[in-house]
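> When you number the sequence shown by the working numbering, it's gap-free, plus one each residue, and the end is 84. Just so you know, even glycine gets a beta-carbon here, dropped at the ideal spot from N, CA and C.
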Amino acid sequence: MRVYGFVLGAFGILYLVRPNIYRRGIWKKTSVAQRTLSPKAYVWIMRAVGTAFIIAGIYFVAFGK
Numbered sequence: 020m021r022v023y024g025f026v027l028g029a030f031g032i033l034y035l036v037r038p039n040i041y042r043r044g045i046w047k048k049t050s051v052a053q054r055t056l057s058p059k060a061y062v063w064i065m066r067a068v069g070t071a072f073i074i075a076g077i078y079f080v081a082f083g084k
């Protein structure tokens with residue numbers, strides 16, 4: 020379980036540092052979130068997801084068995 024915590028933490032940090040990493044950089048199609056949200060709102064949502072991933076990662080590392 021602790022490995023999941025480190026993976027979630029790594030993705031959380033990645034989303035905080037580079038929230039636009041999946042904006043046509045890796046994937047061929049754009050997601051629904053990218054098409055419907057403004058660029059500013061998309062960055063805000065991705066940073067919120069990154070923060071949630073970091074919190075979940077800390078939880079798994081602290082309380083994982």
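Here's a check: name, in chain order, each residue in its chain whose Cβ is nearer than 7 Å to the Cβ of Val68, leaving out the five neighbours to either side.
Same-chain partners within the cutoff: Tyr34.
> Is Arg54 helix, strand or coil when you go by DSSP?
helix
> Taking only the alpha-carbon atoms, compute the straight-line gap between Ala71 and Arg37 and give it to the nearest angstrom.
15 Å
> Identify, in the order they occur along the chain, each residue of the same chain with its Cβ nearer than 6 Å to the Cβ of Met65, setting aside the five sequence neighbours on each side.
Taken in chain order, the residues that qualify are Tyr34, Pro38.
> According to DSSP, is Gly69 part of a helix, a strand, or is it coil?
Residue state, collapsed to three classes: helix.
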